[in-house]
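*Asks:*
In the numbering used here, the protein residues as written are 23 to 124.
#1: Just to confirm the assignment, what range does the beta strand (DSSP E) spanning residue 67 have?
#2: May I ask you to verify whether the stretch 113 to 122 touches the stretch 79 to 87, counting CB pairs closer than 8 Å and requiring at least 3?
#3: For residue 100, which option in 39, 53, 69, 93 has the closest C-alpha, if you only look at C-alpha atoms?
#4: Would you kindly report the start and end of the unbroken beta strand (DSSP E) that includes residue 120?
#5: Less than 8 Å between the CB atoms is what I'm expecting for residue 103 and residue 123, so what's the real figure, rounded?
Have a look at this one:
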C-alpha cells in the first residue's frame, strides 16, 4: 500500500509543473479577452485616436487610473484623454471630423 502512494505522489510531482503552466496560461488568456471585450464594449463610439506623438493617456469613464493610449483606440462617452508635455494626438470624431489635442 505504501508503494502505491509513493508512485502516485511521484507521478503527481511530474505533472504539477505542466498543470500549473496550463492554469496560468488559461488565466492570462481569459484576462486578455475580458479586457479586450471591455475596451470595445462601448455603446457609442465618440472618437478614435488616429495619430499620436509623445505620451498620450486615457481614463475610461468607469475607471480612476490613467493608462497609456495606443493607435486606433476607441474613446467612449465619458472617457478622458490627456497629452503630456510636448505630446499631441489627432482624434477622428464620430461625425468624421478631426480634432487635434496637445
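The C-beta atom is built at its ideal place from N, Cα and C for all residues, glycine as well.
Predicted, not measured: the structure shown is a model, and the values here were computed from it.
*Replies:* Straight from the coordinates:
#1: 67 to 75
#2: no
#3: Comparing alpha carbon positions, the residue from 39, 53, 69, 93 closest to residue 100 is 69.
#4: 120 to 123
#5: 6 Å
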